[in-house]
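Colleague:
In full-length UniProt numbering, the protein residues as written are 1 to 176.
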């Protein structure tokens, strides 16, 4: 980190990457995710989705919530792998049920996937549920999306979706 920001030493991307890589090899989860992001974006290293996915998988397996969402992007956007929307949705769902800081983003993303029928059967009730959970957990854009989805539901469907959203929020409340 010191070489990355130049804290007490000259800023040096190659030294930063070398030390980060050593830490990642030793199992430091934040370093694993940082290496994934560097390879994903091509920051200090050539952009390389294969290496990015390798480090991202390590970080995700070690519980880094942000890595789960990045894993989803590889599959949903066919970045270095064949597009596999079901696999992408599985990674988003795994991130959505965690208590971490990216859960509400993943919950909103699940709402969007259900709304559009990407990797799952299109289901406006489930879209409403996940947008509601994300909104209750503090995602700023989720209430707008939830309200748009609600317009496509019948009164009975909306009642069912609201009841289910309450149950889901009890299980996936990131604020407790």
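C-beta: ideal position from N, C-alpha, C; glycine also.
Could you pull out every unbroken alpha helix (DSSP H) segment of at least 4 residues lying fully inside the region 39 to 118, listed in chain order?
Modeller: Listed in chain order, they are 49 to 61, 65 to 76, 85 to 96, 103 to 116.
Colleague: On the criterion of 16 or more Cβ atoms from any shown chain inside 10 Å, does residue 61 qualify as buried, or is it exposed?
Modeller: Classification of residue 61: exposed, given that the 10 Å Cβ count is below 16.
Colleague: What separation, rounded to the nearest whole angstrom, lies between the Cα atoms of residue 134 and residue 106?
Modeller: Cα to Cα, the separation comes out at about 8 Å.
Colleague: Considering Cα atoms alone, identify which of 97, 153, 32, 68 is closest to residue 88.
Modeller: Residue 68 is the option with its Cα nearest to residue 88.
Colleague: Who are the near neighbours of residue 168 in its chain, counting only those whose CB is closer than 7 Å to its CB and skipping five residues on each side?
Modeller: Taken in chain order, the residues that qualify are 129, 133.
Colleague: Tell me whether residue 58 is buried or exposed, calling it buried when 16 or more other Cβ atoms sit within 10 Å of its Cβ.
Modeller: When all chains shown are included, residue 58 counts as buried.
Colleague: Could you tell me if residue 110 is buried or exposed, where buried requires 16 or more neighbouring beta carbons within 10 angstroms of its beta carbon?
Modeller: Classification of residue 110: buried, given that the 10 Å Cβ count is 16 or more.
Colleague: Return yes when the Cβ of residue 55 is within less than 8 Å of the Cβ of residue 35, no when it is not.
Modeller: Against a cut-off of 8 Å, the Cβ pair of residue 55 and residue 35 comes out as a contact.
Colleague: In this structure, how does DSSP classify residue 29 when only helix, strand and coil are distinguished?
Modeller: Reduced to three states, the DSSP call for residue 29 is helix.
Colleague: Between the region 94 to 105 and the region 75 to 84, are three or more C-beta pairs nearer than 8 Å?
Modeller: With the cut-off at 8 Å, the region 94 to 105 and the region 75 to 84 do not touch.
Colleague: Would you identify the three-state DSSP class for residue 132, choosing helix, strand or coil?
Modeller: Helix, per DSSP.
Colleague: Going by the CB atoms, is the gap between residue 47 and residue 41 shorter than 8 Å?
Modeller: Yes. Within cutoff.
Colleague: Return helix, strand or coil for residue 147, following the three-state DSSP convention.
Modeller: Note: residue 147 maps to helix in three-state DSSP.
Colleague: Can you give me the start and stop residues for the alpha helix (DSSP H) that residue 171 sits inside?
Modeller: First-last of the alpha helix (DSSP H) with residue 171: 155 to 171.
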